[in-house]
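Numbering (the working numbering), first residue to last: 1388 to 1849. Accompanying notes for the structure given below.
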Ligand code: NAD
């Protein structure tokens, strides 16, 4: 069989893998990247973050046009959804980004192999592709194979009526009634898309709150807002089974009557993709389904590293990217770092919800003294002109040192605003540092400054 030698083999070309490959190539390594899908970019670019954001944007524009443009003096005789065109735009965004990675690989002289990789032993990977099968050799291997949708016992996805986010990003027509199991990131984002496009949407959540892990005050605010938008959310509801029927699907839950629907979306978390990599044969044992690594991303086997969704931590594209860069730097020059205290999380609903650092619940649990400042969007000039006055910024700073511990935002463009908080926190800033920073007027980041002033007990606009 054909063989090729490289310095590093990266398995998986998602945000973790392709970024690791580029960084390692920048640092002078001869890098190969093996990807089984025909396009580069992984779940995030092909069937996750990017297509869902395209649909979130377009469905919101449609909904706004249909419901509130009139109040802005913009009148239409008719607004309608052309779903095939919306899906085509989504695909073209995906296409543009995935081909962008192809160009970056070329620019950085990274060899791209299409096929399924299996680690045969330390330093050796077999690639099995439709067009080619070969053996790759390299002293370093990074596993960046990501994750796939989780399932529930008693529910058999058929890829049509019962499916995951992959199917829900490409429904050919707007469901009459979409039932979503799980009120996490995916359930709320895709539930919002299809609600805006005209579906009845019911969300069934096992825990007693939506968005577990987020600050509970934000989660309560978000629950109220989504309910006002017409999402029918049932918390504390355990789904026991779902069966296909002639009309679609019947979902049985504890404590409430069965629900019937024409589409069921399973959004109950994702599971690491570790099967068929040969891990058991080379002596890598999983812990809670994930690959254990040390602080240099090294596994138990010399020369084999793992990053992203297959290792511990939040399953977020940007966390995987950070780990990809740091891992490449460890391999190429013996140093690299990820600041796990400052990994933002964003839910791209309307309003957006964004969070960085510790939640108020965590500070209470950990008995950390803190001061809290809250600023509503309502008092912000830019929010008023945008017509997006709903929401607030909550800032948490250490009670003695004033160092920023967490920032939690629900409101327009929260996903963009959180970057200021993350930057400040990475530099070890205090709430006073933000309060003393001149922010352009009128802009939404002024709400962050106002929250910093509120933390100092000297808010001006609230
Ligand atoms: P999630 O962990 O965010 O939410 C899953 C939800 O399903 C939880 O609230 C959980 O309590 C609930 N659940 C589990 N079992 C249940 C049951 N039997 N009945 C009812 N509810 C049940 O997971 P997700 O929304 O599937 O997203 C998967 C991953 O993808 C997450 O780790 C997330 O970070 C990532 N993601 C991120 C973004 C983003 O950054 N905007 C978007 C989509 C996905």
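Yeah, the Cβ is synthetic: ideal placement off N, Cα and C, and Gly gets one too.
Taking 8 Å as the cut-off, is the CB of residue i close to at least one heavy atom of the ligand NAD?
| i | result |
| --- | --- |
| residue 1625 | yes |
| residue 1480 | no |
| residue 1427 | no |
| residue 1390 | no |
| residue 1592 | yes |
| residue 1636 | no |
| residue 1432 | no |
| residue 1605 | no |
| residue 1730 | no |
| residue 1424 | no |
| residue 1648 | no |
| residue 1554 | no |
| residue 1574 | yes |
| residue 1436 | yes |
| residue 1782 | no |
| residue 1536 | yes |
| residue 1446 | no |
| residue 1497 | no |
| residue 1466 | no |
| residue 1643 | no |
| residue 1439 | yes |
| residue 1737 | no |
Buried or exposed for residue i, please, with buried defined as at least 16 other CB atoms from any protein chain shown within 10 angstroms of its CB.
| i | result |
| --- | --- |
| residue 1825 | exposed |
| residue 1876 | Residue 1876 lies beyond the residue range present for the chain, which begins at 1388 and ends at 1849; the question has no answer from this structure. |
| residue 1410 | buried |
| residue 1530 | buried |
| residue 1613 | buried |
| residue 1659 | buried |
| residue 1433 | buried |
| residue 1458 | exposed |
| residue 1445 | buried |
| residue 1723 | buried |
| residue 1455 | exposed |
Just to confirm the assignment, what range does the beta strand (DSSP E) spanning residue i have?
| i | result |
| --- | --- |
| residue 1508 | 1503-1508 |
| residue 1659 | 1657-1659 |
| residue 1644 | 1643-1648 |
| residue 1397 | 1395-1398 |
| residue 1827 | It is not in any beta strand (DSSP E) - residue 1827 carries neither H nor E in the DSSP assignment. |
| residue 1637 | 1636-1640 |
| residue 1621 | 1619-1621 |
| residue 1628 | 1626-1631 |
| residue 1692 | 1691-1693 |
| residue 1791 | 1791-1798 |
| residue 1403 | It is not in any beta strand (DSSP E) - residue 1403 instead sits in the alpha helix (DSSP H) that spans 1402-1413. |
| residue 1390 | 1390-1392 |
| residue 1591 | 1587-1591 |
Is any heavy atom in the ligand HEM found nearer than 8 Å to the beta carbon of residue i?
| i | result |
| --- | --- |
| residue 1832 | The ligand content of the structure shown is limited to the ligand NAD, which means the ligand HEM is not among them. |
For the alpha helix (DSSP H) containing residue i, list its first residue and its last residue.
| i | result |
| --- | --- |
| residue 1440 | 1436-1454 |
| residue 1669 | 1666-1669 |
| residue 1714 | 1704-1720 |
| residue 1782 | Counting along the chain, residue 1782 falls outside any alpha helix (DSSP H), though it belongs to the beta strand (DSSP E) covering 1778-1785. |
Taking CB distances under 9 Å as the criterion, tell me whether residue i reaches chain D.
| i | result |
| --- | --- |
| residue 1562 | In summary, chain D is missing from the structure at hand, where a single protein chain is found. |
Meets three-Cβ-pair contact criterion under 8 Å: the segment 1697-1713 and the segment 1743-1750: Taking 8 Å as the limit for Cβ pairs, the verdict is that the segment 1743-1750 does not touch the segment 1697-1713.
Any contact between the segment 1416-1430 and the segment 1391-1403? By contact I mean 3 or more CB pairs, one from each, below 8 Å. Output reads yes: the segment 1391-1403 touches the segment 1416-1430.
If contact is defined by three or more beta carbon pairs under 8 Å, each pair taking one atom from either stretch, is the segment 1623-1643 in contact with the segment 1579-1598? Three or more Cβ pairs drawn from the segment 1579-1598 and the segment 1623-1643 lie within less than 8 Å of each other, which places the two stretches in contact.
Does the segment 1501-1512 come close enough to the segment 1470-1479 to have 3 or more Cβ pairs within less than 8 Å? Using a C-beta cut-off of 8 Å, the segment 1501-1512 makes no contact with the segment 1470-1479, since fewer than three inter-stretch Cβ pairs fall below that distance.
If you pair each beta-carbon of the segment 1688-1706 with each one of the segment 1516-1533, do three or more pairs fall below 8 Å? Three or more pairs of CB atoms, one per stretch, sit closer than 8 Å, so the segment 1688-1706 contacts the segment 1516-1533.
Okay, do the segment 1631-1642 and the segment 1775-1791 touch, 3+ Cβ pairs below 8 Å being the bar? Touching, no.
Taking contact to mean at least 3 C-beta pairs separated by less than 8 Å, is the segment 1802-1812 in contact with the segment 1762-1775? The segment 1802-1812 is not in contact with the segment 1762-1775.
Whether or not the segment 1816-1834 and the segment 1782-1802 are in contact is what I'm after, with contact meaning three or more pairs of Cβ atoms, one per stretch, closer than 8 Å; do they touch? A contact exists between the segment 1782-1802 and the segment 1816-1834.
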